[in-house]
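Peer 1: Shown below is the structure under consideration.
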Amino acid sequence: MIYSPRLPRLATFEAWRDAARALASNDIPADDIEWALEGEEEGLFGGGAPLPVPREISVPSAFLPLAKLVCAHRAGGVHDLLYRVLLRCRGNARLLGNRADAEVQQLEAWAKNVRRDMHKMKAFVRFRDVTPHGANRRQFISWFEPDHRIEELIASFFTRRFGDMDWVIVTPEVTTRFAGGDVSHEAVASERLDLSDETEELWKTYYANIFNPARLKVKAMQSEMPKKYWKNLPEADLIPGLIAGAEARMRKMQEDAPTLPPIRAERILERLPTRDEAHDLHACARCPIGAQATQAVLGVGPLDSPLMIVGEQPGDREDLEGVPFVGPAGQLLDAIMSEAGLDRHAAYVTNAVKHFKFSPRGKRRIHQSPHRSEVEACRLWLEQEIALVQPAFILALGATAALALTGDGTALMARRGRVERGREGIPVLITLHPSAILRSDGPTALRELLKQDLAKAAKMQEEINTL
Ligand code: URA
0 MIYSPRLPRL ATFEAWRDAA RALASNDIPA DDIEWALEGE EEGLFGGGAP LPVPREISVP
60 SAFLPLAKLV CAHRAGGVHD LLYRVLLRCR GNARLLGNRA DAEVQQLEAW AKNVRRDMHK
120 MKAFVRFRDV TPHGANRRQF ISWFEPDHRI EELIASFFTR RFGDMDWVIV TPEVTTRFAG
180 GDVSHEAVAS ERLDLSDETE ELWKTYYANI FNPARLKVKA MQSEMPKKYW KNLPEADLIP
240 GLIAGAEARM RKMQEDAPTL PPIRAERILE RLPTRDEAHD LHACARCPIG AQATQAVLGV
300 GPLDSPLMIV GEQPGDREDL EGVPFVGPAG QLLDAIMSEA GLDRHAAYVT NAVKHFKFSP
360 RGKRRIHQSP HRSEVEACRL WLEQEIALVQ PAFILALGAT AALALTGDGT ALMARRGRVE
420 RGREGIPVLI TLHPSAILRS DGPTALRELL KQDLAKAAKM QEEINTL
């Protein structure tokens, strides 16, 4: 008997999951199934046999997040291969951890394409203001052409990020509307929208301001912003001029500027030692913080560094840029590190908690310290970074980092300057967080303490290097 489940354009994953559950729980072999998307031509066997009654089946926890991504891929055969791997997972709960398995590798490669497409959409969607006179909520519209079927996967990012306005994102196949706090999708074919208006000028001003000549790497920039996206970007015609004037502007530049969220974080994520949840940092729901942040912020720096520096959590700037310690605390840390003889770029720098926790106050986002339970929930990611980098020692900046690394949440000042044994057995040098200096009335004494501890770290690093 042949089964031919038809999957709709919207909620494709949910439909695949329901059909796969019915089929797999009744031990239907993959060769007896012809998966098809609605709108595609019917296969040889027409509508096929009715699906059997589903029974309970269990799958490894990493399977469904992976399947959700893969279902959004446009390649032919994605649903079939997912089903084949689902059947194999039932007899081998560790299958997804086996990176040498050709079928798992293929699913991972598809998931990676989809994640990358989502990353591009986050970075390159541009909204145009279309608010009518007298409307009480601002209204925006955008056009985007994703490579894959990611509209539903990405919607929660835009609802979080642009929750204070109504908007529509139109793609060639799906229109997503966010109005009055509710999001909806409609599968409808659309032509490219021409959305030029004066908001373009605003975008251009914004882009010219955030363009950071000190970090100008034309190749990297082009791989981050492939030409195919340029036609929809109002700022694209500024790029050649900005590149040409970069040298002069760099001299004048006072402050580092935000950049697009880095694809680098994806690469680190892919290299983390295999753990089921490693697929899903960007959708991490182990604690509530991730739901309100722009993005998860992973570490930066050489993966073979003997020194790992761990802070608390990303702040406002880090949340927008996707890079740790680029805001005021990071700048202070850089300054004190260089006075103490430590090279920030030679260390792997990360945070105990990967998302920005804040409470909104007007237009500002006010930092909130993470709870102990949130630090514990996030340890999974920190542990994996530690396993990947295998530092010789770790510098814990502040109480949250000390707690995450040692499990000990007792007062920091009594411990600072000491080397404690971390949970992984790696020595942890405890010190202050640079924000404590920014917050304090008489910062000089605290600054001196941090500098002393950083000098101690420099010495420890030197000893390691001369071993
Ligand atoms: N504070 C931190 O602990 N980490 C950052 O990345 C930025 C500020």
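Residue numbering for the sequence shown is 0 to 466, as defined by numbering that gives the first Met the number 0.
Note that beta-carbon positions come from the ideal geometry of N, C-alpha and C, so glycine has one too.
1. Is there at least one non-hydrogen atom of the ligand URA closer than 6 Å to the beta-carbon of asparagine 350?
2. Quick test of the definition: if touching needs 3 or more C-beta pairs under 8 Å, does the stretch 315-332 touch the stretch 290-301?
3. Between alanine 134 and arginine 125, what straight-line distance do the alpha-carbon atoms span, to the nearest angstrom?
4. Would the beta-carbon of glycine 300 be found less than 6 Å away from any heavy atom of the ligand URA?
5. Helix or strand or just coil, what does DSSP make of alanine 178?
6. If the criterion is Cβ atoms closer than 7 Å, does the pair tryptophan 109 and histidine 78 meet it?
7. List the DSSP bridge partners of asparagine 350.
8. If you measure from each residue's Cβ to the nearest non-hydrogen atom of the ligand URA, which ones come out under 7 Å, in chain order?
9. Buried or exposed: which applies to tyrosine 205, given that a residue is buried once 16 or more other Cβ atoms fall within 10 Å of its Cβ?
10. Does the distance from the CB of proline 433 to the CB of leucine 306 come in under 7 Å?
11. Between Gln312, Leu379, Asp303, Arg420, which lies nearest to tyrosine 347 when the distance is taken from Cα to Cα?
12. With distances taken Cα to Cα, identify the nearest neighbour of tryptophan 15 among Ala284, Val69, Asn25.
13. Just how far apart, CA to CA, sit alanine 345 and arginine 446?
14. Any idea what DSSP makes of phenylalanine 139, helix, strand or coil?
15. Looking at C-alpha atoms only, which residue of Asp26, Val388, Leu341, Phe392 is the closest neighbour of lysine 450?
16. Does the Cβ of threonine 409 have 16 or more other Cβ atoms within 10 Å, making it buried, or fewer, making it exposed?
17. By how many angstroms is the C-alpha of leucine 63 removed from the C-alpha of glutamate 265?
18. Can you tell me which of the three DSSP states glutamate 254 falls into?
19. Tell me whether the stretch 97-106 and the stretch 136-155 touch, counting them as touching only if at least three CB pairs, one residue from each stretch, are closer than 8 Å.
20. For arginine 98, does the three-state DSSP call read helix, strand or coil?
21. Check serine 358 in the structure and name its three-state DSSP category.
22. If the criterion is Cβ atoms closer than 7 Å, does the pair valine 352 and glutamine 312 meet it?
23. With distances taken between CB atoms, is the gap from glutamate 419 to threonine 399 smaller than 7 Å?
24. Does the distance from the C-beta atom of valine 309 to that of arginine 316 stay below 7 Å?
25. Indicate whether the contact test is met: 3 or more Cβ pairs, each with one atom in the stretch 18-28 and one in the stretch 52-66, closer than 8 Å.
26. My guess is that leucine 94 and arginine 87 are in contact by the Cβ rule of under 8 Å, so how many angstroms apart are they, rounded?
27. Under 7 Å, do glutamate 37 and proline 7 count as touching if we go by C-beta distance?
28. Give the range of the beta strand (DSSP E) segment to which arginine 363 is assigned.
Peer 2: On the basis of the supplied data:
1. yes
2. yes
3. 21 Å
4. no
5. strand
6. no
7. Gly310
8. Val296, Gly310, Glu311, Gln312, Pro313, Gly314, Glu317, Pro323, Phe324, Gly326, Ala328, Gly329, Asn350, Leu396, Gly397, His432, Ser434
9. Reliability of the predicted coordinates at tyrosine 205 is poor, the pLDDT of 46 falling under 50, and the value obtained from them is presented with this limitation in mind. Counting Cβ neighbours within 10 Å, tyrosine 205 comes out exposed, since fewer than 16 surround it.
10. no
11. Asp303
12. Val69
13. 22 Å
14. strand
15. Leu341
16. exposed
17. 19 Å
18. Here glutamate 254 scores only 40 on pLDDT, less than 50, and its place in the model should not be relied on; the value that follows carries that caveat. In this structure, glutamate 254 counts as coil in the three-state DSSP scheme.
19. no
20. coil
21. strand
22. yes
23. no
24. no
25. yes
26. 6 Å
27. yes
28. 363-366
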